[in-house]
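What follows is a single structure, written as structure tokens, with notes after it.
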Amino acid sequence: MLELTRSEHKFRRAVILGCRPSAIAVATALSEQGYTVHVIDESTACLDMLPQARVAEGKIVPLLSVRNIQQDLIKAEIRDANVFMAMTAVDTINILAAQMAKHMYQTPLVICKIDDPTVQSIYKDLGIIPISPTALVSQYALEAVQP
């Protein structure tokens, strides 16, 4: 469980860029752990897949992207966030947004989905936690076939 808090706030806030199925699952789990989660995406159809009960309670806040990362982050109240996760389908967008959250807005915990596992160490050195679905699937597949 994520336990980081910003010193000026006694509550938990997360911002997730991207509203793919994995992001929806993470947003739901975080909201159940007491986080208020802002989810940004450029598709209203994707945002409509968020659990409506959590949205109605204000635990998950869907935000339609204006297709400008900085404006989207500000609209999602990134300055108050304890956690930022970049989970779009595009590595370059994820990387840029993660660096902005970490270095412009000093978000304490930044997680970035990066499909290319060869660049993970670069971002780890920048204080960003990289997650590679490609590496995870490969690892599980290899573990499954090993005696």
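Residues in the sequence shown are numbered consecutively from -15, following our numbering.
The beta carbon of each residue, even a glycine, is placed where N, CA and C say it ideally should be.
So, for residue i: in the same chain, excluding its five sequence neighbours on each side, which residues have a beta-carbon less than 7 Å away from its beta-carbon?
{"i": "residue -15", "result": "Confidence is the limiting factor: at residue -15 the pLDDT is only 39, short of 50, which leaves the residue's position unreliable, though a coordinate-based value still follows. Once the five neighbours on either side are set aside, the close Cβ partners of residue -15 are 17."}
{"i": "residue 46", "result": "23, 31, 34, 39"}
Name the residue from the options whose alpha carbon lies nearest to the alpha carbon of residue i.
{"i": "residue -5", "options": "101, 14, 131", "result": "14"}
{"i": "residue 62", "options": "92, 6, 42", "result": "92"}
{"i": "residue 87", "options": "5, 119, 107", "result": "107"}
{"i": "residue 101", "options": "8, 75, 5, 82", "result": "75"}
{"i": "residue 50", "options": "12, 26, 68", "result": "26"}
What span of residues does the alpha helix (DSSP H) with residue i cover, start to end?
{"i": "residue 85", "result": "Where residue 85 is concerned, there is no enclosing alpha helix (DSSP H), given that its DSSP letter is neither H nor E."}
{"i": "residue 106", "result": "104 to 108"}
{"i": "residue 117", "result": "117 to 129"}
Kindly list the residues whose CB is nearer than 6 Å to the CB of residue i, restricted to its own chain and excluding five residues on each side of it in sequence; keep chain order.
{"i": "residue -3", "result": "20, 64, 65, 66"}
I'd like the list of long-range same chain contacts for residue i, defined as Cβ closer than 8 Å, with 5 residues on each side in sequence excluded.
{"i": "residue 78", "result": "1, 2, 70, 71, 72, 96, 97, 98"}
{"i": "residue 120", "result": "none"}
Between residue i and residue j, is the Cβ-Cβ spacing less than 8 Å?
{"i": "residue 35", "j": "residue 24", "result": "no"}
{"i": "residue 28", "j": "residue 48", "result": "yes"}
{"i": "residue 104", "j": "residue 116", "result": "yes"}
Spell out whether any CB of chain D is found under 8 Å from the CB atom of residue i.
{"i": "residue 42", "result": "Of the chains in the structure shown, none is chain D; there is only one protein chain."}
Between which two residues does the beta strand (DSSP E) holding residue i run?
{"i": "residue 96", "result": "93 to 97"}
Should residue i be listed as close to the ligand GDP, given that the test is whether its C-beta is under 7 Å from any heavy atom?
{"i": "residue 24", "result": "This structure lacks the ligand GDP; in fact it carries no ligand of any kind."}
Curious, which full-length alpha helix (DSSP H) runs of at least 4 residues does the region 0 to 87 contain?
5 to 16, 28 to 31, 36 to 40, 53 to 59, 75 to 83
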